[in-house]
Amino acid sequence: MSTTTSAKIGIGQRLLDGIERIGNKLPEPFTLFLGLFLITGAISTGMAIADVSVSIPGSDETVAIKGLFTGEGLSWLTTTIGDNYIGFPPLATVLPILLAVGVAEKSGMLAAAVRIAFGKSPRWLLPYAVGFVGVVGSIMADSAFIIIPPLAALVFKAAGRHPMAGLIGGFAATGAGYSTSIVPTSLDALFAGITTSVMETLPDTDYTAVNPVSNYFFNIVASIVLAVIAGFIIDKLIEPNMVRKGVPREYADAKGSGLAKEYQAKDNPYGENSVSAEEVEESQKEVKAELEPEEKRGLVWSLASALLLTAVLLFAVLIPDSPWRNEDGGFLPKSPLLSSIVFIVFAYFMLMGVVYGFVVRTVRSMNDLVRMMSQSIVDMMSFLILAFILGQFIALFNWTGIGSWIAVAGASGLEAIGLTGFAAVIGFMLLASVLNLFIVSGSSMWTLMAAVFVPLFALLGYEPAFIQAGFRVGDSATQVITPLNPYMIVLLGLVRRYEPNAGLGTIISRMFPFVIPFWLAWAALLAIWFFFDLPLGPGNGIFLK
Numbered sequence: 001m002s003t004t005t006s007a008k009i010g011i012g013q014r015l016l017d018g019i020e021r022i023g024n025k026l027p028e029p030f031t032l033f034l035g036l037f038l039i040t041g042a043i044s045t046g047m048a049i050a051d052v053s054v055s056i057p058g059s060d061e062t063v064a065i066k067g068l069f070t071g072e073g074l075s076w077l078t079t080t081i082g083d084n085y086i087g088f089p090p091l092a093t094v095l096p097i098l099l100a101v102g103v104a105e106k107s108g109m110l111a112a113a114v115r116i117a118f119g120k121s122p123r124w125l126l127p128y129a130v131g132f133v134g135v136v137g138s139i140m141a142d143s144a145f146i147i148i149p150p151l152a153a154l155v156f157k158a159a160g161r162h163p164m165a166g167l168i169g170g171f172a173a174t175g176a177g178y179s180t181s182i183v184p185t186s187l188d189a190l191f192a193g194i195t196t197s198v199m200e201t202l203p204d205t206d207y208t209a210v211n212p213v214s215n216y217f218f219n220i221v222a223s224i225v226l227a228v229i230a231g232f233i234i235d236k237l238i239e240p241n242m243v244r245k246g247v248p249r250e251y252a253d254a255k256g257s258g259l260a261k262e263y264q265a266k267d268n269p270y271g272e273n274s275v276s277a278e279e280v281e282e283s284q285k286e287v288k289a290e291l292e293p294e295e296k297r298g299l300v301w302s303l304a305s306a307l308l309l310t311a312v313l314l315f316a317v318l319i320p321d322s323p324w325r326n327e328d329g330g331f332l333p334k335s336p337l338l339s340s341i342v343f344i345v346f347a348y349f350m351l352m353g354v355v356y357g358f359v360v361r362t363v364r365s366m367n368d369l370v371r372m373m374s375q376s377i378v379d380m381m382s383f384l385i386l387a388f389i390l391g392q393f394i395a396l397f398n399w400t401g402i403g404s405w406i407a408v409a410g411a412s413g414l415e416a417i418g419l420t421g422f423a424a425v426i427g428f429m430l431l432a433s434v435l436n437l438f439i440v441s442g443s444s445m446w447t448l449m450a451a452v453f454v455p456l457f458a459l460l461g462y463e464p465a466f467i468q469a470g471f472r473v474g475d476s477a478t479q480v481i482t483p484l485n486p487y488m489i490v491l492l493g494l495v496r497r498y499e500p501n502a503g504l505g506t507i508i509s510r511m512f513p514f515v516i517p518f519w520l521a522w523a524a525l526l527a528i529w530f531f532f533d534l535p536l537g538p539g540n541g542i543f544l545k
């Protein structure tokens, strides 16, 4: 039996090593998009010299491809490089929300909310509470990977259940459900900005603009369904498996694990820009599940402030002559209210974070607020740098007209082979899932895929918000089985508390049970929305009108 087990582990490890080798050959995102920028520039120049043009369906307009490496192209680049960066749409939505979420996180409000959600759950409900908190944990951005798994292990142990089941389940739910949440997050704003920006390649297409709540109805249902599935897998598969294998319930002597040292090794397979050794050590600290009385008061007051804000907003928008109504007196499909989504999300997170921080005394002055917001920007600095080249890439795609040409040619090709319905969407999601094994940055991958697929599917009659919803499925489900996910090393450190000899193969084998059920359930939900033509969010449907 030991021989069989060894053989299985050997095969799995060879597969993981292969994925790791291929993934390590990909450059880091800035270099990747710089290369794509130059390749696009070279291709567009060749097409411009060949006088290539494209006719946009439904329009009399003919777009002539313009080349980057021409006099006109170089002049365009030198005069618009700043506008291309500042005009990158996600910046206008992500940064305000990021400031407010930073206050809510660094004041301790978000972590306290997660802890009370765990602490109040009865023993039988714990797996489902872990599933729910994990799936919606993206509200805390990447910190969810560090906060939720150890808390889940702690409350499982306190309830007499296997802590490893909570640890594995918390990480799996957080990663495999990362692209969905019951509340709008900065990720929604980021995706929406990218989606809308690439539609500039089809200037005469009548579509519904994408905003941070364009997938909201779909996200709410997906969050609940995925949370239930995660809880079921934790309860019926992961925990019994941990018991059957005799996985320890108590900490082993992990002094020899050398995780921080291993992580800093020169042959570190995760790259220089992944999780720091300090974050690994921080994640190994004991976390209390029980809230202090002061923290409970902080949550009560922050919730009360949210209810008060809700009452104010409802009064402001429901009065007959509200300035947040559209010209017809309603809110759909467009209105100042829907255009105020970024402000509304900002207001909720900021108010609740400030009130909580004031009660627990993590916020004592305006200096504390400024410091928290500054730190949230520092935490996002890598994205701000990446946004520079992403903005140039998107702008070049739009300016040259090559995006329009690819969209028209691709749509014609799919129509020629009869692949235009939901089967084409399934193929798109599968491609995203495969790419997610190698490009774990959601913003980078969506920028790359949206530039081609959003206009392509628009020509086939689909709203950009629908294709964005499809991307969410592929973007998250396989995130927990790729060694290129930098938070795998954090989880490895946590697992080695109990099993000092555990490796990446151990972790990924325990993540696999979540991947296929999550993917299939999420895809099934999208199919329901597709075939019943349900609204994905306020004012956003499936098909172009």
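In the UniProt record's numbering, the protein residues as written are 1 to 545. We put the beta carbon where it would ideally sit given N, CA and C, even for glycine. All values derive from a computational prediction rather than experimental measurement.
Whether residue i touches residue j by CB criterion (8 Å)
i      : j      : result
Thr208 : Asn540 : yes
Ser186 : Ile81  : no
Ala129 : Gly137 : no
Trp522 : Ala477 : yes
Thr420 : Leu384 : no
Glu294 : Val221 : no
Thr195 : Pro517 : no
Gly442 : Ser75  : no
Ala527 : Phe422 : yes
Ile114 : Phe349 : As written in the sequence, residue 114 is Val, which differs from the Ile given in the question. Their beta carbons are not under 8 Å apart, which means Val114 does not touch Phe349 by this criterion.
Asp188 : Leu544 : no
Expected contact under 8 Å - CB spacing of residue i and residue j to nearest Å
i      : j      : result
Met511 : Ala172 : 5 Å
Thr40  : Ile406 : With a Cβ gap of about 10 Å, Thr40 and Ile406 do not count as contacting.
Ala48  : Gly134 : 49 Å between Cβ atoms; not a contact.
Val515 : Gly470 : Not a contact, Cβ separation roughly 17 Å.
Ile116 : Leu291 : 6 Å
Per-residue burial, residue i [other beta carbons within 10 Å of its own, 16 or more giving buried]
i           : result
Tyr356      : buried
Asn211      : buried
Gly413      : exposed
Arg244      : exposed
Leu164      : A small correction: the amino acid at residue 164 is Met; Leu does not occupy that position in the sequence shown. It counts as buried.
Asn219      : buried
Trp124      : exposed
Pro184      : buried
Ala176      : buried
Asn485      : buried
Val312      : exposed
Ile467      : buried
Asp475      : buried
Tyr251      : exposed
Ser223      : buried
residue 547 : For residue 547 there is no data in the structure shown, the boundaries of the chain being 1 and 545.
Glu72       : exposed
Rounded C-alpha distance that separates residue i from residue j
i      : j      : result
Met199 : Met381 : 27 Å
Arg472 : Leu520 : 13 Å
Tyr498 : Pro149 : 14 Å
Ile238 : Phe132 : 16 Å
Ile234 : Asn241 : 10 Å
Thr174 : Pro323 : 39 Å
Ala306 : Leu431 : 40 Å
Leu433 : Leu456 : One detail in the question is off: residue 433 reads as Ser in this sequence, not Leu. C-alpha separation (whole angstroms): 19 Å.
Ala524 : Ser181 : 18 Å
Val103 : Phe343 : 15 Å
Ala304 : Gly427 : 46 Å
Leu534 : Arg297 : 40 Å
Gly170 : Ala152 : 6 Å
Glu204 : Val408 : Residue 204 is actually Asp in this sequence, not Glu. Distance between the alpha carbons of Asp204 and Val408 is about 13 Å.
Same chain only: Cβ atoms within 7 Å of residue i, ignoring 5 sequence neighbours per side
i      : result
Ser55  : Thr62
Leu91  : Ala387
Ala451 : Val198, Ile394, Phe397 and Gly403
Chain-order list of residues whose beta-carbon lies under 6 Å from that of residue i (same chain, five-residue window excluded)
i      : result
Thr362 : Ser107 and Gly108
Asp379 : none
Tyr216 : Gly537
Phe331 : Leu337
Met449 : none
Pro513 : Ile233 and Leu237
Val345 : Ile97 and Pro184
Ile168 : Ile238 and Arg510
Leu77  : none
Cβ shell of residue i (< 8 Å), same chain only, five flanking positions each side left out
i      : result
Asn398 : Ser197, Val198, Glu200 and Thr201
Phe37  : Ile389, Gln392, Phe393 and Leu396
Val317 : Trp324, Arg325, Phe331 and Leu337
His162 : Phe156, Glu239, Met242, Val243, Val247 and Arg249
Leu492 : Leu259, Ala502, Gly503, Leu504 and Ile507
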